[in-house]
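Novice:
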Amino acid sequence: MRGVFDIVGPIMIGPSSSHTAGAVRLGRMVRLILGEEPQKAAVYLHGSFALTHKGHGTDKAIAAGLLGMETDDERIRDVFDLAEEKGLELEFVPADLGNVHPNTARVMAIGTSGREVTVTGASVGGGNIIITEIDNYAVELAGNYHTLITIHEDKPGIVAIASHILSQHNVNIAFMRVSRQNRGAQALMIIETDQSISQKVLDSIKNIEAVKVALAIPPL
Amino acid sequence: MSKYQSIADLVKVAEEKGTRISEIVIAQEMENSERSREAIWNQMAKSLEVMKDSVEKGLTMEGKSASGLVGGDAQKLNKRRLEGKTLCGDPISKVVAYGIAVNEINAAMGRIVACPTAGSCGILPGALLAAGEALEASDEDLINALFTSSGIGIVIATNASISGAEGGCQAECGSAAAMAAGAIVEMAGGQPGEVAHAVALALKNSLGLVCDPVAGLVEVPCVKRNGFLAPQALIAADLALAGVKSVIPVDEVIHAMLEIGRAMPVELRETAGGGLAKTPTGQAIEARLFGKK
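Order-wise, the sequence lines are chains H and G.
Every letter in the first sequence is one number past the one before it in our numbering, and letter 196, counting from 1, is 798.
Every letter in the second sequence is one number past the one before it in our numbering, and letter 244, counting from 1, is 893.
#1: Could you name the residues of the same chain whose beta carbon sits closer than 7 angstroms to that of V834(G), not counting the 5 residues immediately before and after it, in chain order?
#2: Can you have a look at S800(H) and say buried or exposed, based on whether 16 or more other CB atoms are within 10 angstroms of its CB?
#3: Does the beta carbon of G605(H) sit closer than 8 angstroms to a beta carbon anywhere in chain G?
#4: Measuring only between beta-carbons, confirm whether C822(G) sits less than 8 angstroms from chain H.
#5: Is there a Cβ from chain G that is less than 8 angstroms from the Cβ of P612(H)?
#6: Looking at I615(H): is its Cβ nearer than 8 angstroms to the Cβ of G759(G)?
#7: For K873(G), count neighbouring C-beta atoms within 10 Å of its own C-beta (all shown protein chains included) and say buried if the count is 16 or more, exposed if not.
#8: Hey, is Q877(G)'s beta-carbon within less than 8 angstroms of any beta-carbon in chain H?
#9: Tell me, please, which residues DSSP counts as bridged to H748(H).
#10: Whole angstroms are fine: how far does the CA of L790(H) sit from the CA of D737(H)?
#11: Expressed to the nearest angstrom, what Euclidean distance is found between the alpha-carbon atoms of G728(H) and A816(H)?
#12: Suppose contacts are defined by Cβ-Cβ distances below 8 angstroms. Is A882(G) in contact with A756(G) by that definition?
#13: Could you pull the DSSP bridge partners for A643(H) from this structure?
#14: Can you tell me whether K734(G) is buried or exposed, with buried defined as 16 or more other CB within 10 angstroms of its CB?
#15: Does the region 638-647 of chain H come within contact of the region 699-711 of chain H, defined as at least 3 CB pairs closer than 8 angstroms?
#16: Which whole-angstrom value describes the C-beta separation of G768(G) and G817(G), a residue pair presumed to lie in contact below a C-beta threshold of 8 angstroms?
#17: Spatial neighbours of G748(G) within its chain, please: CB distance less than 6 angstroms, with the 5 preceding and 5 following residues excluded, ordered by chain position.
#18: In chain H, what lies closer than 8 angstroms to V867(G) by C-beta?
#19: Under 8 angstroms, do A746(G) and S619(H) count as touching if we go by C-beta distance?
#20: When Cβ atoms are compared, which residues of the region 731-759 of chain G fall closer than 9 angstroms to chain H?
#21: Between the C-alpha atoms of L653(G) and G667(G), what's the straight-line distance to the nearest angstrom?
#22: From the DSSP output, in three-state form, read off K942(G) for me.
#23: In angstroms, rounded to a whole number, what distance separates the CA positions of G588(H) and P640(H)?
#24: State buried or exposed for Q677(G), treating a residue as buried only when at least 16 other CB atoms are found within 10 Å of its CB.
#25: Considering only the beta carbon of each residue, do G723(H) and A666(H) sit closer than 8 angstroms?
#26: Contact check, E794(H) vs Y739(H) under 8 angstroms by CB: the rounded distance?
#27: According to DSSP, is G727(H) part of a helix, a strand, or is it coil?
#28: Please state whether the Cβ-Cβ distance between R633(H) and L668(H) is less than 8 angstroms.
#29: Can you name the residues that DSSP bridges to A818(H)?
#30: Do you know whose CA, among Q819(G), S810(G) and V902(G), lies nearest G861(G)'s CA?
#31: If distances are taken between C-alpha atoms only, which option among A652(H), A787(H), V626(H) and R785(H) comes closest to G865(G)?
Structure representation (structure tokens):
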């Protein structure tokens with residue numbers, strides 16, 4: 603059953619829940635997956651996003667999300683000035699991303715440490731989003747749960763060690779997905795949990811030898 | 650408490666318990682979300698503040714939307730209203746100005762409350778705040794009215810739709826007017842049965858309304874339509890409070906809206922593929938904005 607704030611709400615910057623509010627959340631998710639302040643981002647806009655992004659402020663919305671803003675932040679309208687102040691270089695490119703949702707964007711972001719991520723996601727209506735790809739790994743992430751993301755060597759035991767660490771800290775796994783590009787190369791694991799993932803848990807996961815990147819992402 | 654599935658359920662429980670519909674909606678929300686009454690109340694109070702703020706900003710804002718298609722019309726009407734020159738007078742002219750004001754703020758990337766959607770975000774605040782001023786309602790009355798309108802919206806969303814892509818504009822602006830109508834009746838001291846009739850009367854009058862925005866933007870005809878549909882809520886409320894009844898019961902009207910939405914061609918459901926969007930001027934605007942032939 604829907605809640606009252608699904609009907610009277612959300613509080614948001616207009617004009618469109620899918621093209622503006624959803625786009626802010628997409629940008630925020632990219633920032634969270636990058637795990638640090640972005641310095642440079644190339645944003646590829648597909649379908650309806652490509653066609654109407656100027657009129658709907660989709661470009662500004664994604665930029666605002668990259669800077670960590672919420673969907674109701676009144677600075678979104680003038681976000682490009684703020685991006686310049688913060689030294690975030692932005693590029694928006696209309697693109698054909700193939701057979702994907704009409705409101706899809708792919709963001710290639712580089713952080714202050716030089717870390718790079720490529721994240722693809724869609725705004726699926728009412729401000730809701732789904733991340734569909736992280737660094738060429740197919741994923742399905744809506745940002746409704748606390749989420750642990752790891753990129754690790756594809757070898758036996760990693761999933762067991764990670765889930766053991768979570769259970770030791772009383773973190774319950776709601777959903778889990780592991781994907782990889784090639785056998786024995788690198789794998790990406792996404793664990794959505796009912797409880798928040800503390801710094802301590804994250805540090806333990808990072809200490810697993812095969813883990814290259816570990817990120818704890820709060821719900822959007 | 651049982652979950653309400655229809656407006657009839659809401660009316661029945663309210664009558665049995667001798668309580669207002671807003672109380673039933675609050676209780677159900679507490680149960681669903683496992684949050685306290687205070688937390689829910691405060692969140693709705695924040696929505697009311699944003700609504701008031703968006704009306705005020707819309708009546709004074711400078712400039713236009715990014716496309717240049719809308720902006721400044723609420724101010725024009727409000728000026729004429731304050732000069733005492735409008736034919737409709739108050740509160741109707743005020744409701745129209747408020748409704749347009751909020752939707753102009755939305756188009757100009759200002760802060761609004763989607764209710765139920767961003768495209769229809771001027772109707773509920775416009776109607777409710779202007780009616781509230783006429784009734785000398787307190788913030789508490791207005792917050793209760795927002796809960797009543799949410800309950801009505803939940804039923805419409807569950808049994809029909811509040812999405813233009815699914816049901817056309819009737820589902821967005823029509824639902825908003827119906828939510829406002831019912832809430833205003835309760836705020837004015839009407840009985841639960843009268844709330845139901847107001848919802849039915851308002852919704853019936855926007856059945857069949859298509860969603861054909863020029864260039865796919867939430868601007869033309871959305872902004873002015875918010876101005877036209879907001880007073881419809883007050884008219885429906887007045888009729889219901891006067892004892893006028895909808896011949897077709899409200900839940901059947903909601904079902905009719907679902908059926909009409911299903912029968913609506915996709916060109917007229919938020920795709921900018923027909924109607925006003927495909928008029929010569931609509932196409933010329935689209936070409937100018939997006940360089941499309």
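All residues carry an ideal CB built from backbone N, CA and C; glycine is no exception.
Specialist: So, from the data block:
#1: Answer for V834(G): E843, V844, A847, A886, A889 and L890, listed in chain order.
#2: Flag for S800(H) reads exposed.
#3: Residue contact check for G605(H) against chain G: a CB pair falls below 8 angstroms.
#4: Judged by the 8 angstroms Cβ criterion, C822(G) is not in contact with chain H.
#5: Put simply, the CB of P612(H) is near chain G, with a gap under 8 angstroms to one of its CB atoms.
#6: Taking 8 angstroms as the Cβ cut-off, I615(H) and G759(G) qualify as a contacting pair.
#7: Residue environment for K873(G): buried (at least 16 other C-beta atoms within 10 angstroms of its C-beta).
#8: Sequence check: residue 877(G) is Phe here, not Gln. Closer than 8 angstroms: no.
#9: As computed with DSSP, H748(H) is found in a beta bridge with T795(H).
#10: The alpha-carbon of D737(H) is positioned some 9 angstroms away from that of L790(H).
#11: Here the C-alpha atom of G728(H) lies approximately 30 angstroms from the C-alpha atom of A816(H).
#12: Contact check for A882(G) against A756(G) fails: the beta carbons are separated by 8 angstroms or more.
#13: When DSSP reads this structure, A643(H) sits in a beta bridge with L692(H) and A711(H).
#14: K734(G) should be labelled exposed.
#15: With the rule of 3 Cβ pairs closer than 8 angstroms, the region 638-647 of chain H counts as touching the region 699-711 of chain H.
#16: At roughly 11 angstroms, the Cβ-Cβ gap does not stay under 8 angstroms, so G768(G) and G817(G) are not in contact.
#17: If we look at G748(G) and ignore the five residues flanking it on each side, its Cβ neighbours are G771, I772, G775, N875, G876 and A879.
#18: Using a Cβ-Cβ cut-off of 8 angstroms, V867(G) is close to G616, P617, S618 and H658 of chain H, given in chain order.
#19: No. Outside cutoff.
#20: For the region 731-759 of chain G, residues whose beta-carbon sits nearer than 9 angstroms to a beta-carbon of chain H comprise N752, I754, N755, A756, A757, M758 and G759.
#21: It is worth fixing the name first, because residue 653(G) is Tyr in this sequence and not Leu. Going by the C-alpha atoms only, they are around 16 angstroms apart.
#22: Only weak support exists for where K942(G) lies, its pLDDT of 45 falling under 50; the coordinates are left without a value.
#23: Residue 588(H) is absent from the structure shown; chain H starts at 603 and stops at 822.
#24: Q677(G) comes out buried.
#25: No, these two residues do not count as a Cβ contact at 8 angstroms.
#26: A Cβ-Cβ distance of about 15 angstroms is found for the pair E794(H) and Y739(H), leaving them out of contact under the 8 angstroms criterion.
#27: Of the three classes helix, strand and coil, the one that applies to G727(H) here is strand, per DSSP.
#28: Yes; because the gap between Cβ atoms is below 8 angstroms, this pair is in contact.
#29: DSSP, once it has assigned bridges, lists L750(H) as partnering A818(H).
#30: According to the sequence displayed, residue 861(G) carries Asp and not Gly. Nearest C-alpha to D861(G): Q819(G).
#31: Out of A652(H), A787(H), V626(H) and R785(H), A652(H) has the C-alpha closest to the C-alpha of G865(G).
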